[in-house]
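Reviewing the structure listed below.
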Amino acid sequence: MSREADRRRMEELRELLRYHNYRYHVLDDPEISDAAFDRLMNELIALEDRYPEWVTPDSPTQRVGHTPAEGFETVTHTVPLFSLSNVFSEDDVRAFAERAQRWAGTSVDFVWELKIDGLAVSLTYEEGLFIQGATRGDGVEGEDITQNLRTVRSIPLRLGQAVDINVRGEVFMNKAAFVQLNRQREESGEGLFANPRNAAAGSLRQLDPRIAAQRPLDIFLYSIGYVRDQELQYHSEVLDYLAALGFKVNPHACRCQDIDEVLAYVRHWSENRGELPYDIDGVVIKINSLALQEKLGYTSRSPRWATAYKFPAEQKLTTVLDIQVQVGRTGALTPLAQLEPVRVAGSTVSRATLHNEDYIREKDIRIGDTVVLQKAGDVIPEIVASRPELRSGREQRFSMPKQCPACGGDAVRPEGEAVTRCVNNSCPAQRLEKLIHFASRSAMDIEGLGPARMQQLVEAGLVAGAADLYRLTEEQLLKLERMGPKSARNLLQAIEASKKQPLSRLLFALGIRLVGIEAARDLASHFGSLQAVAKASLDELLAIRSVGPKIAASILDFFSEEANQRLISELAAVGVTMEESRGRNDAEEPLQGITVVVTGRLEGCSRDEVEMLLREAGANVTGSVSSQTDFVVAGERAGSKLERANQLGVRTLSQGELWQLLRERGVVDD
Ligand code: IVH
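For the sequence shown, the residue numbers in our numbering are 2 to 671.
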């Protein structure tokens, strides 16, 4: 092809990728499969490698910078970012509305919006190009986090029009992504985030944009700081204009003429916020007319034309019965509160992690204390505070043990770290946790080999290390309790099948500290074999996208230990695959070309998980039902989407029917 044709193709690819990125991340309604997107991206990367002079800063390949920052520069906001006054009762909302009407001297239109529980940021575009992103800071000065914000896929690097504009919005992490991130962190031995907001904040403050890029952050835009040459009269127009420029705007916003209507929405969302995929902490009520907004102006901290109704958090009081210490697979000792069982946000909670010694000290949590409990991301129980005023005097302070509760070995807290670790490499609790991790779903995925079964194998003396799993015989298994001939055969088959797991899974399964799924994938595809990873130098490791200095050091450490070298040669000897298999082929995309909508509540898994599975199988998962939809998966309490499917005569599948289809197509195992 000629240079000119290549240049045009690059332009076309950038445009296509921008469009499909927008469909996927902003509209939540992708038109093509992830695999097809990757193919376009790879084509562009190849062309950009060939013609580096034609790489543009807004190219979809340029989201993730490679150089960690030393710190963040201070940014002075051209227009300050105000905060909102809060109200906590319906009467206060009415009083706000009446005051506004009085000042305005006329009746007033309102817009209500969800109050997203994340972090306010300001984004600046010049001639439609994203040039700077900053935190709110104190409202006058924030920090320049442009590099991290560029990694947020729902932030356009280039807008639909060449405008000069500054916009504001809330960066957040959705609940499923938060739970998944914490699961990964737990598996790779990192500390957990207490809630999605902290996870989002921690991600935006990463000095290394490559780490921020791995955090599933999202954004909703809700206001304009300034815009050149654009006349807008109403806040509702602002929201429409933001959406037209390509920004992600929350769909749950509405213009209302009277405050009773607003209050009905407030009540609705207070009761139903659990259904949303992200955390909200209230509803924001804004006056619609921008002229009136200007007339009402600001107090020193917040606008008079808007207020936030804050929901009461779903909190319950309970008692800490005991604080036990768990030993993780990396030896980390985690204190766990045993609680008087209590129902919060839809389920009974009897345990909550207390993270580490500092967390307990900061919140002054003692055994016997009454504590306030809530669910972070509506899922993970979190102790928010203790209630010292309710103490009887019999409460006991907790201190971290100096010895590992499982093996009696030394427990050490290195200077400057929050985590105390058991340093005994042959600690039985660590060993068991390592084995459980090895067989777990995101690692070698050995079906039928959950924690209880693994413990049984270890206690029976059949398994001490991962390689022993591959030497188990039917005869040995049959001697175990709760093990019939059929389960024994199934288990052996599942173990055998795991030998062929991709290298990325094996790398993750080895339990190298800080090596999560993402880093394992990158290592596997870069090095191609376990031996090559084991031999890699520091510089070679650092060349990998998701590997920073800490991860690299941990990998070097791992492979330098004799016990680990032995484990690897034993795994190779029993026939575990140590090389990366070839790339994906079409057989791995059995749902290619099929458009699916998933709606309603699913049993035993989240909608996100099912959607991910469908996408991985090549399906095009969209958010709305149309005549193009091939089928709708309808869980419990499926509402309007199911109705629409029926109207259009689109095929619907129950969850059971979906699994059957997935089994037939070989997406999941029988
Ligand atoms: S409007 C001058 N709208 O709430 C108007 N804020 O307590 C300022 N927030 O700092 C903000 N969702 O971080 C607005 N739909 C929404 C919001 C929202 C969340 C946050 C924002 C702000 C804080 C104010």
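Using N, Cα and C, we set each Cβ at its ideal position, and we do this for glycine too.
Pick out whichever of the options has its Cα sitting closest to the Cα of residue i.
i    : options                : result
L150 : R206, L18, S400        : R206
L374 : Q339, E563, A465, A468 : Q339
C255 : F248, V267, K249       : V267
P402 : L334, A465, V385, S443 : L334
G410 : F399, E416, P429, S393 : P429
V168 : R184, S224, E127       : S224
L222 : S123, A407, L479, L14  : S123
F559 : V577, V516, T630, D523 : V516
F632 : P336, T600, D118, R506 : T600
E396 : Q185, E383, R442, D323 : D323
D230 : E114, A537, E127       : E127
E344 : Q316, I286, D370       : Per the sequence shown, residue 344 should be read as Arg rather than Glu. Looking at the Cα atoms, Q316 is the closest of the given residues.
V597 : I552, S607, L572, A646 : A646
H67  : G594, I545, A553, I595 : I545
P210 : L659, C606, Q63        : Q63
S607 : N251, G636, S86        : G636
I212 : R567, I281, Q566, K551 : K551
F73  : D110, Y242, E142, S84  : E142
N621 : L508, V164, I33        : I33
S625 : F528, E617, K642       : K642
G138 : L355, P217, L82        : L82
E563 : S351, A535, V577, L539 : A535
Take the Cβ of residue i as the centre, count every other Cβ of all protein chains shown within 10 Å, and call the residue buried at 16 or more, exposed below.
i    : result
V153 : buried
S627 : exposed
C423 : buried
L492 : buried
R483 : exposed
H78  : buried
D587 : Residue placement at D587 is flagged as unreliable, the pLDDT there being 45, under the threshold of 50; a coordinate-derived value is accordingly withheld.
Q325 : exposed
S204 : buried
R330 : buried
E665 : exposed
G549 : buried
G175 : Correcting the residue type first, residue 175 is Asn in the shown sequence and not Gly. Buried, since its Cβ has 16 or more Cβ neighbours within 10 Å.
T107 : exposed
I132 : exposed
How long is the line joining the alpha carbons of residue i and residue j, rounded to whole angstroms?
i    : j    : result
S570 : N357 : 36 Å
V669 : V464 : 28 Å
V385 : K364 : 8 Å
I685 : R159 : This structure gives no information on residue 685, because the portion of the chain shown stretches from 2 to 671.
L663 : Y20  : 30 Å
W55  : E49  : 7 Å
L45  : N22  : 14 Å
L433 : A245 : 54 Å
A314 : S90  : 13 Å
V112 : Q234 : 13 Å
P69  : L458 : 45 Å
E238 : F312 : 27 Å
Q185 : I518 : 7 Å
E171 : Q102 : 28 Å
W270 : D29  : 21 Å
A346 : E383 : 12 Å
K480 : L473 : 12 Å
N273 : E416 : 45 Å
L572 : A444 : 15 Å
R652 : E604 : 20 Å
V575 : L18  : 44 Å
W306 : L542 : 53 Å
K116 : I281 : 5 Å
Tell me, please, which residues DSSP counts as bridged to residue i.
i    : result
S123 : A135, R169
Q327 : T335
G283 : K116, K311
L318 : V373
L643 : The partner list for L643 (beta bridge, DSSP) is empty, contrary to what the question assumes.
F559 : F559 pairs with nothing; no bridge assigned.
R652 : F632
D359 : DSSP, once it has assigned bridges, lists no residue as partnering D359.
I384 : L374
Quiz item: Going along the chain, which unbroken runs of the alpha helix (DSSP H) with 4 or more residues stay wholly within the region 175 to 262?
Solution: If one requires a minimum length of 4 residues, the alpha helix (DSSP H) runs lying completely within the region 175 to 262 are 176 to 188, 197 to 205, 210 to 215, 236 to 246, in chain order.
Practice problem: Could I get the ranges of all uninterrupted beta strand (DSSP E) runs contained in the region 418 to 483, with 3 residues as the minimum, in chain order? | Solution: 421 to 423
Exercise. Would you list, in sequence order, the uninterrupted alpha helix (DSSP H) runs of no fewer than 4 residues that lie entirely inside the region 475 to 551?
Key: Runs of the alpha helix (DSSP H) inside the region 475 to 551: 475 to 479, 486 to 499, 504 to 510, 518 to 528, 531 to 536, 539 to 543.
Quiz item: Fully enclosed by the region 20 to 57, which alpha helix (DSSP H) runs are 4 residues long or longer?
Solution: 35 to 51
Self-check item: Sequence ranges, beta strand (DSSP E) only - wholly within the region 51 to 91, length at least 3
Solution: Within the region 51 to 91, the beta strand (DSSP E) runs of at least 3 residues that lie entirely inside it are, in chain order, 75 to 77.
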